[in-house]
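Residue numbers (the working numbering): 277 to 547.
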């Protein structure tokens, strides 16, 4: 039997741009976008058309930023989806290719970020597991200097996005995808963990990092939207939310210690 016809709606590049502008996306702004392509409907041109629509809404003076994480460059001892046999672990560690911002694919963040990553002129930050990619005039300012021992903290693009007044776009995804909340984890007492990964020159390395966890981010987002201004609308079939990075971080700094307390167990300040 032939596959069923798409249910729609039919979405085009122009529709993406127009509906983003109705949501409040402004020409020339800096936008940290978390997107689900499939949530939009049937997009004529797929991820390419969606990215074109995002760029059209921002205009040539705007900057688009997306997460391009590569969490698979990690210690296999923690892999669960799927796990691998323990007898493979040492061999995996010694043969895993090191991070290369030009060729390492993103994983788990969707096809739109991967499309941005490979777009002509895109720049990508240096962290081997939690990189970002950007297109636009502020791309270099935002991507440069991402410390390899600071996943999502003060020496990551998130802190620069906050300082430059960027806004978050959640397009067809929930607050559990809101990376900006992680910056707050670096500003409250938090545990530290050893993070393993392939070393740049070959072999394996471990670094000490602040522990990050998106547990209860959906609840945090619910309360944030209740208490702070959030622009809401639709782009195609997708629910869309737009709000400042700085607002999300400041709210999370107050919310997390109350609702996800860890300070009593881990009194050490973050690095």
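Here a beta-carbon is modelled for each residue, glycine too, at the ideal position from N, C-alpha and C.
Just so it is clear, the structure is predicted and the values come from calculations on it, not from any experiment.
### Message
Is there a C-beta anywhere in chain B that falls below 8 Å from the one on residue 293?
### Response
Given the protein chain composition of this structure (a single chain), no chain B is represented.
### Alpha-carbon to alpha-carbon, residue 470 and residue 355
C-alpha separation (whole angstroms): 15 Å.
### Query
In whole angstroms, what separates the C-alpha of residue 533 from that of residue 503?
Going by the C-alpha atoms only, they are around 17 Å apart.
### Task
Report buried or exposed for residue 332, applying the criterion of at least 16 other Cβ atoms within 10 angstroms of its Cβ.
Around the beta carbon of residue 332, 16 or more other beta carbons sit within 10 angstroms, so the residue counts as buried.
### Query
According to the Cβ coordinates, are residue 511 and residue 299 closer than 8 Å?
With respect to residue 299, residue 511 sits close: the two C-beta atoms are nearer than 8 Å.
### Message
Using a 10 Å radius around the Cβ and a threshold of 16 neighbouring Cβ atoms, would you call residue 337 buried or exposed?
### Response
Answer is exposed; the Cβ neighbour count stays below 16.
### Task
Quick one: give me the first and last residue of the beta strand (DSSP E) that residue 481 is part of.
Residues 480-486.
### Message
Using only CA atoms, which one of 385, 400 and 397 lies nearest to residue 455?
### Response
The shortest Cα separation from residue 455 among 385, 400 and 397 belongs to 385.
### Query
Using a Cβ-Cβ cut-off of 7 Å (strictly less than) and excluding sequence neighbours within five positions of residue 282, which residues of its own chain qualify?
For residue 282, same chain residues with a beta-carbon under 7 Å away, outside a window of 5 residues either side, are 318 in chain order.
### Message
Restricting to runs no shorter than 4 residues, where is the alpha helix (DSSP H) found entirely within the stretch 404-461?
### Response
Complete alpha helix (DSSP H) runs here, min 4: 415-419, 433-439 and 456-461.
### Query
Starting from residue 516 and walking both ways along the alpha helix (DSSP H), at which residues does that stretch end?
For residue 516, there is no enclosing alpha helix (DSSP H); the residue is found in the beta strand (DSSP E) stretching over 514-520.
### Task
Can you tell me which of 464, 475 and 509 puts its alpha carbon nearest to the alpha carbon of residue 528?
Scanning 464, 475 and 509 for the CA closest to the CA of residue 528 turns up 464.
### Task
Say yes only if the C-beta of residue 287 is nearer than 7 Å to one or more non-hydrogen atoms of the ligand SAH, and no if none qualify.
This structure lacks the ligand SAH, and indeed carries no ligand of any kind.
### Message
Quick check: the Cα distance between residue 525 and residue 462, rounded to an integer number of angstroms?
### Response
Approximately 10 Å, taken between the alpha carbons.
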